[in-house]
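So the protein sequences, as listed, match chains E and A. Going by the numbering used here, the first sequence opens with residue 281, and the numbers climb by one from there. Going by the numbering used here, the second sequence opens with residue 18, and the numbers climb by one from there. Glycine included, every Cβ here is placed at the ideal spot set by N, Cα and C. This report refers to the structure that appears directly beneath it.
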Amino acid sequence: MIVSLADLKQGQKGKIVSLITNNIPLKLLEMGCLPGNDVTLLHTAPFQCPMYLDVNGSHLAIRREVAREIEVEIQ
Amino acid sequence: MAKDINVSLIGNPNTGKTSVFNLLTGLNQQVGNYPGITVERKSGVCKLPRGVKAHIIDLPGTYSLNASSLDENVVIEVLLNKKDKDYPDVAVVVSDVENLKRNLLLFTQIKDLGIPTILAINMADQMDRKGITLDIPELEKRLDTKIVLMSARKKKGIDDLKQAIASYKKVPVGSCVDVFKIDPPYFEKLQKAFPKQSLYKLWLVITQDVNFANINRNTIPDTSEFHTKKKSELKRLQQKETIKRFQFINDTLKATQTIDLAQAKGFRAQLDKILIHKVWGYVIFFAILLFIFQAIYDWSGYPADLIDSAFAWLGEKVKAIMPSGALTDMLSEGIIPGIAGVAIFIPQIAFLFLFISILEESGYMSRVVFLMDRVMRRFGLSGKSIVPLISGTACAIPAVMATRNIEDWKQRLITILVVPFTTCSARLPVYLIIISLIIPDERVAWIFGYQSLTLMALYLIGFIAALGSSWLLSKYLKMPSSNLFVVEMPNYKVPLWKNVAINVYEKTKDFVTEAGKIILAISVVLWMLASYGPGKQFNNATEIVTEANPGVVGDILENKIESHKLEHSYIGYAGKFIEPAVAPLGYDWKIGVALISSFAAREVFVGTLATIFSVGNEAETTIKNRLLTEVNPKTGKYLFNFATGISLLLFYAFAMQCMSTIAIVKRETNGWKWPIIQTIFMSGLAYVSALIAYQVLI
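Have a look at this one:
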């Protein structure tokens, strides 16, 4: 099933399918946020923002609106 | 004869690059700024085998060569310009063994520039614990480079690194991945137009021009005719390029690296569970803040008092030993107290940076950013602004310096501009004496006194002013701000004390040498204005006062003379000169003088009033009683009524009245523009609110 990264629940894992390019900072890609890589939502701050992710072994936090632009596939 | 070589240290943030730098150079380093911008430039010297002397430049941390901030842009400027004095003979890419995949992206980019590039894999001591094994010879072959395994923390591998740097001529030069397959026609055309240039360099110039800012072009060709692609197309290509590089890196690491995941988990997850917990995370953060605040506010009081009395003693000694005269006076009453005024801040600054470096080094600061981002965002700030804002309650000077941790320049500038609104400890004595004058010492509901409620209200007003103006500034300040929020959450580490110590030392030194000069200069000027005056009234003060007060002797006479002198000094005339401007706020010239001398430091207000009302250095109750009975000759009413008091409180809450803060803002923003705007804005707000308060209440 394909959902937005923002819809993952805490602890849930998915595979990145696509990025809606123009709204995604290049920096995010450079930190390993690329199609084909695994992503796990580790924690969220109160009100679900920011989101703390493990992408391909990199640990990083992004804001919710950026996460909405990333599509992931969950089993 | 061996020649000197330039070495650039490059790497992602949190790879221990600075530890490697400290290890290579020891205390043999210099910290300055790149010309015209507030990006720190760290350089140092290292002696290599065979008598080679290496100039090491620690370039700002970056994830790639596609810059999105001034710091990152510095890296490109240095690496693209062969004539730059920092242009490296050899680059050392420092990477962290745990994040090798991500770190190698930058490595492949640097390699494409045609600079000999050594890969230093740091934190190698963690490999066993994390279950990582690496096939170094194979990795060297695939990446076409020299690899050094090291651990800056355990001081291992540093000699290997020095050796590798010394034999940099043996390091292969050239790309290890062909990224231009992503759009062959475009890149072929580009290469044809500039056959002598490295293709990757050309590509970088084009994308940087379009995405960030025009880079300084001395030796860089004009590629503007190749700006044929739309911004979105270029971005698409950059993404393809990044993906291409990661494909290469993934293949390379698959063949050379194994990670036993079973061993990898643990510590981070456990700590994160508590430290960024939705409730406990905040409790712990505020407990830590309280602790830091306590240290700056309270503990630094002891060394500060020591410094204070040491300089006072020195001033007395100088006065006693040297022949009396203008020079001695200037030294003992102008210059020595001026230096004391600088030195007195040193404990506070050192304490704050001690804690900030520990928080940074340990990896906790990223968690704070994570916790606070949501709240701070509403006011146009980021999670990182919280530490400066809160440390501003101790003193604005270390707080302004603490904003260096904010990467985004717009957010950093806004934080610098609003920090002085938070109630610093120097306002406290002023608040206390005015509150005790105008607010009755009574209680509501037995517990809360009106006086303490007023004090709390003043602290709140400070915070509201800070957040309100940052909201306004974020709306109206037009400057590029990368609103992208991508924060790396690094592993937790025990801080390296050497790094902490060097950081505290550098920051303190920076304050003393940069802001200290201005503070000293203005102190001396203020002292001169208060100690000299034009005409007979000042010069013959003793005779005039003695004649006018027959029968008065001793301390009382002395105090009256001092008061008379101050009235007829230059600063006294300045106070009278501004009286028409401050009269609508309910002040007379005496308060005017106190306002002007508050520029040296706000707490001087109390002392100046004491002198001007000729009560000498007596107990506070005396000053209080004297102030209470003072009558304003113009209105015939008591000078200190409720309206004047509130008006003064508001004035002190908002006005930018501290030259030390102005000096440090000038230092941190690299010019007079922002401190001047800030002073006008804050003092304007102070004036208007004091005016309204007085006119409404009177």
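- For A:Y509, not one C-beta of chain E is nearer than 8 Å to its own C-beta.
- Fully enclosed beta strand (DSSP E) runs of no fewer than 3 residues occupy 22–28, 46–50, 57–64, 70–75 of the segment 22–86 of chain A, in order along the chain.
- With contacts defined as CB atoms closer than 8 Å, A:V503 and E:K307 qualify as a contacting pair.
- Relative to the Cα of A:F310, the nearest Cα in the group A:F372, A:I149, A:S341, A:I353 belongs to A:F372.
- Only those residues of the segment 253–270 of chain A whose C-beta falls short of 7 Å from the nearest C-beta of chain E are listed: R253, Q255, Q256, T259, I260, F263.
- With respect to the 8 Å criterion, A:V521 and A:A367 are classified as neighbours on the basis of their beta carbons.
- When CB distances to chain E are screened at a threshold of 7 Å, not a single residue of the segment 658–682 of chain A falls below it.
- For E:R343, the secondary structure class from DSSP, reduced to helix, strand or coil, is coil.
- Two segments are said to touch when three or more pairs of C-beta atoms, one from each, lie closer than 8 Å; by this definition the segment 472–479 of chain A does not touch the segment 342–356 of chain A.
- Contact between A:V165 and A:P446 is ruled out by a C-beta separation of about 57 Å, above the 8 Å threshold.
- Residues of chain E with a Cβ closer than 8 Å to the Cβ of A:R391 are, in chain order, A325, P326, F327, C329, P330.
- Taking C-beta atoms under 8 Å as the contact rule, A:L41 and A:I73 qualify, at a distance of about 5 Å.
- The three-state reading of DSSP puts A:D322 in helix, counting H, G and I together.
- Close partners of E:L314 in chain A (Cβ separation under 7 Å): I260, F263.
- A straight-line Cα-Cα distance of about 33 Å links A:E647 and A:E333.
- Excluding sequence positions up to five before and after A:S86, its CB lies within less than 6 Å of the CB of E424, all in the same chain and listed in chain order.
- Under DSSP, A:N139 shares a beta bridge with A:D113.
- Note on geometry: alpha-carbon atoms of A:K99 and A:W220 lie some 17 Å from one another.
- In summary, A:D289 is buried, with 16 or more beta-carbon neighbours lying within 10 Å of its beta-carbon over all protein chains present.
- Taken in chain order, the complete beta strand (DSSP E) segments of 3 residues or longer contained in the segment 484–508 of chain A are 503–505.
- Distances from the CA of A:K158 to each of A:V188, A:S408, A:A474, A:D145 were compared; the closest alpha carbon is that of A:V188.
- Where A:I519 is concerned, there is no enclosing beta strand (DSSP E), although the alpha helix (DSSP H) around it starts and stops at 514–527.
- Closer than 8 Å to the CB of A:I293 there is at least one CB belonging to chain E.
- The Cβ-Cβ distance between A:V114 and A:Y51 does not fall below 8 Å.
- With the rule of 3 Cβ pairs closer than 8 Å, the segment 659–669 of chain A counts as touching the segment 695–715 of chain A.
- At least one beta carbon of chain A lies nearer than 8 Å to the beta carbon of E:R343.
- Shown here, A:I361 sits in coil according to DSSP, grouped into three states, outside any helix or strand.
- Under the 8 Å criterion on CB atoms, E:L321 is classed as non-interfacial with respect to chain A.
- Separation of A:W297 and E:M311 (C-alpha to C-alpha, rounded to the nearest whole angstrom) is 29 Å.
- A:A181 is a Cβ neighbour of A:I135, given a cutoff of 8 Å.
- Under the three-state reduction of DSSP, A:E333 is assigned to helix.
- If you draw a straight line from the Cα of E:T324 to the Cα of E:R348, it comes to about 14 Å.
- Per DSSP, the unbroken beta strand (DSSP E) holding E:Y332 starts and ends at 331–335.
- Taken atom to atom, the span from the alpha-carbon of A:I451 to that of A:S706 is near 17 Å.
- Within chain E, the residues placing a beta-carbon under 9 Å from that of A:K118 are G312, N336, G337, S338, ordered along the chain.
- Close partners of A:L122 in chain E (Cβ separation under 8 Å): E310.
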